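In what follows, a single structure is set out as structure tokens and then discussed.
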């Protein structure tokens, strides 16, 4: 009986599901409040507190110290809040009453005493405010101008410093490049001297290798300064290796003119020594001397088939020669004749000399035509006709068209020959060049239109060797 009563009491005292939730929420809220160092904003508010007072009364003895502290702190906070609120409201009401009474009394008292003064003060205040506003505006304007000037000065200083820094950097870079280039030039000149020595000893291959080492790998994007002496030495070494340059010697006076035969196998030269000479274009061997001229030979021209040569002298006399035997076949007067007398002169010349090459030439004709400079064959090779040309113009045209490297051009024109270059002509295949000079020689050259072409050719030949 007692056991059943005890069981019944325990069931009545067992907490409900709602109480368990409240107990759990109280525990979590208290722990969270304690972890954050017990801030007031985590305490329960009045509404939540009122709903939980019954729970507090029933389970107060079962609560932990932290839960009790949290609940009691929430209760105190509610009391403080309500007390403060009531006190604040009471105070505000009292203050409002006092303020209202005081204000009314002050207003009534001051209204009569300061009405006139206020009007004057108001005017003075307005004036003062306007002066202050104007002064502030002036101060701001002056400050703004000062700041602008200061900013401009700073910008100018910064720009000047930047320019100085850039100039110093550029100067340092130029100095470094100059020093590097000087070192590279010295190295290249040393290599050039060694290349020259090797070439002179007959070792053209070593001369080429040393000269190549002194030159950039690419002329379009050089990795070192281009030393003209290296390019010239490379050309001389290649010329020795390939027999690319021939010196035609034998004339006793300035050589005035030269040209290749149509097949490119022979060269004819004209000289102030009153001779023209035929040469083998491949070996430089002299084949024939065309003499008997009475004055300096200015021109010597092949016929289109290469079998004959016509020479022209300074006194405008021409001679036709057999290019194979070197024998003279005709003597000509080099003049342009007018169309009216053309037929009779051709008939006279044909009856007298029986030579179809003399159709438009007459030994008895007195020549006063200063425009005519020489005789040459027509395109069919059947007639010798008067012509005119400018050697200087032709020289420049040939050199400029065949040689774009200024270093090699200068070498050909002013260093290879010991005298002034008087004329230049290209071979029919435009692979070789012949130049004449006042040094009594003519030279046959292999053409390299650019410095890079010479460098590439030299590398290829050395690789083959």
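In the numbering used here, the protein residues as written are 292 to 756.
Quick reminder that beta carbons are idealized off the backbone N, C-alpha and C, glycines included.
A quick note: this is a predicted structure, and the numbers were derived from the prediction, not measured.
Taking residue 567 as the reference, which of 746, 596, 610 has the closest Cα?
As a first step, residue 567 must be located in the chain shown, where it is residue number 276. Nearest option by C-alpha distance: 610.
How should residue 416 be labelled, buried or exposed, when 16 other C-beta atoms within 10 angstroms of its C-beta is the threshold for buried?
By one-based count along the chain shown, residue 416 stands at place 125. Exposed, since its Cβ has fewer than 16 Cβ neighbours within 10 Å.
Is DSSP giving residue 335 helix, strand or coil here?
If you number the chain shown from 1, residue 335 lands on position 44. Note: residue 335 maps to coil in three-state DSSP.
By how many angstroms is the C-alpha of residue 450 removed from the C-alpha of residue 460?
Indexing the chain shown from 1 puts residue 460 at position 169. Indexing the chain shown from 1 puts residue 450 at position 159. Those two C-alpha atoms are separated by around 15 Å.
Is residue 571 helix, strand or coil by DSSP?
In the chain shown, residue 571 corresponds to position 280, counting from 1. In the structure shown, residue 571 sits in a strand (DSSP, three-state: E or B).
Out of 706, 597, 707, which has the shortest C-alpha to C-alpha gap to residue 667?
Here residue 667 is taken as the residue at index 376 of the chain shown, counted from 1. That would be 597, whose Cα lies nearest to the Cα of residue 667.
By Cβ distance, which residues of its chain are closer than 8 Å to residue 642, with the 5 residues on each side in sequence left out?
Here residue 642 corresponds to residue number 351 of the chain shown, with the count starting at 1. Unreliable positioning characterises residue 642 in this predicted model, as indicated by a pLDDT of 36, which lies under 50. The coordinate reading is nonetheless provided below. Correct list: empty, nothing qualifies.
Return the residue from the list 733, 419, 330, 498 that minimises the CA-CA distance to residue 750.
Taking the chain shown and counting its residues from 1, the one referred to as residue 750 is at position 459. Closest by alpha carbon: 498.
Looking at the unbroken beta strand (DSSP E) that takes in residue 501, where does it start and where does it end?
Reading the chain shown from its first residue, position 210 is the one you call residue 501. No beta strand (DSSP E) contains residue 501, which is instead part of the alpha helix (DSSP H) from 495-504.
Rounding to the nearest angstrom, what Cα-Cα distance links residue 503 and residue 521 in this structure?
As a working note, residue 503 is residue 212 in the chain shown. As a working note, residue 521 is residue 230 in the chain shown. Near 8 Å, if we compare the C-alpha coordinates of residue 521 and residue 503.
So within the stretch 678-741, which uninterrupted alpha helix (DSSP H) runs reach at least 4 residues, ignoring any that extend past its ends?
The qualifying runs are 682-693, 697-701.
Starting from residue 523, trace the alpha helix (DSSP H) in both directions and tell me its first and last residue.
Mapped onto the chain shown, residue 523 falls at position 232. It spans 519-533 - the alpha helix (DSSP H) in which residue 523 sits, taken as one unbroken run.
Return the chain-ordered list of same chain residues with a C-beta closer than 7 Å to the C-beta of residue 632, the five sequence neighbours on each side being excluded.
Indexing the chain shown from 1 puts residue 632 at position 341. Interpretation of residue 632 is limited by its pLDDT of 40, a score under 50 that renders its predicted location unreliable; no figure is taken from the coordinates.
What separation, rounded to the nearest whole angstrom, lies between the Cα atoms of residue 723 and residue 472?
Counting from one through the chain shown, the residue named residue 723 turns up at place 432. Counting from one through the chain shown, the residue named residue 472 turns up at place 181. Distance between the alpha carbons of residue 723 and residue 472: 35 Å.
Taking the beta strand (DSSP E) that residue 601 falls in, what are its first and last residues?
Walking along the chain shown from the start, residue 601 turns up at place 310. Residues 599-604.
Pick helix, strand or coil for residue 562, following the three-state DSSP scheme.
Mapped onto the chain shown, residue 562 falls at position 271. Strand, per DSSP.
Do residue 590 and residue 547 have their CB atoms nearer than 9 Å?
Position 299 of the chain shown holds residue 590. Position 256 of the chain shown holds residue 547. The answer is yes: Cβ separation under 9 Å.
Could you check the C-alpha separation between residue 536 and residue 670 for me, to the nearest Å?
Your numbering for residue 536 matches position 245 in the chain shown. Your numbering for residue 670 matches position 379 in the chain shown. One C-alpha to the other measures close to 31 Å.
For the beta strand (DSSP E) that contains residue 667, what are its first and last residues?
Taking the first residue of the chain shown as position 1, residue 667 is located at position 376. Its beta strand (DSSP E) spans residues 665-668.
Could you give the distance in angstroms between the alpha-carbon of residue 466 and the alpha-carbon of residue 480?
The residue given as residue 466 occupies position 175 in the chain shown. The residue given as residue 480 occupies position 189 in the chain shown. Whole-angstrom Cα-Cα distance: 21 Å.
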